[in-house]
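Report on the structure given below.
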Amino acid sequence: AAMRVLQKGGTAADACVAAAAALNVTEPCSTGIGGDAFALFYNGQTKKVECLQGCGRSPAGMTLEAVQKHPDMAGRTELPPLSALCCTVPGAAATWEAAVKRWGRLSLAEVLGPAVELAEEGFPVA
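Position one of the sequence shown corresponds to residue 1 (UniProt numbering), numbered consecutively onward.
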């Protein structure tokens, strides 16, 4: 997937996203779109490192007051580890999109194309 994207004129960022998406299809137990993603990018022209932090976010409407009033917090001062309050919105997909937009040359559809093809047509299992 990454090689195909590079051959189409994509950047390293495009290729990384293509590889990650392909791994989501071929190695679903090891990686998944429902997780987080982080990216470091070195710009050779500016000599600067940029970063994307794609860890999960809380829902937009979540406030400290809402957490404190939640039934799972009854009699507690810390979040119970098995509470829905500890869940976040996965950040991988948004990080992929941001990386392609910021550092890519191809469209997101072109970058994800090889992974879509793998999902639709299948792939050999060894």
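Just so you know, even glycine gets a beta-carbon here, dropped at the ideal spot from N, CA and C.
Computed from a predicted structure; not experimentally measured.
Membership of V111 in any beta strand (DSSP E) is not indicated; the residue belongs instead to the alpha helix (DSSP H) covering 108-121.
Each of A22, A2, F38 was checked against the Cα of T95, and the nearest Cα belongs to F38. Here DSSP, grouped into helix, strand and coil, assigns R105 to coil. Residue pairing for V89: DSSP places it in a beta bridge opposite R57.
In this structure, T31 lies near L23, with their beta-carbon atoms less than 9 Å apart.
Here the alpha carbon of A60 sits roughly 19 Å from the alpha carbon of E97.
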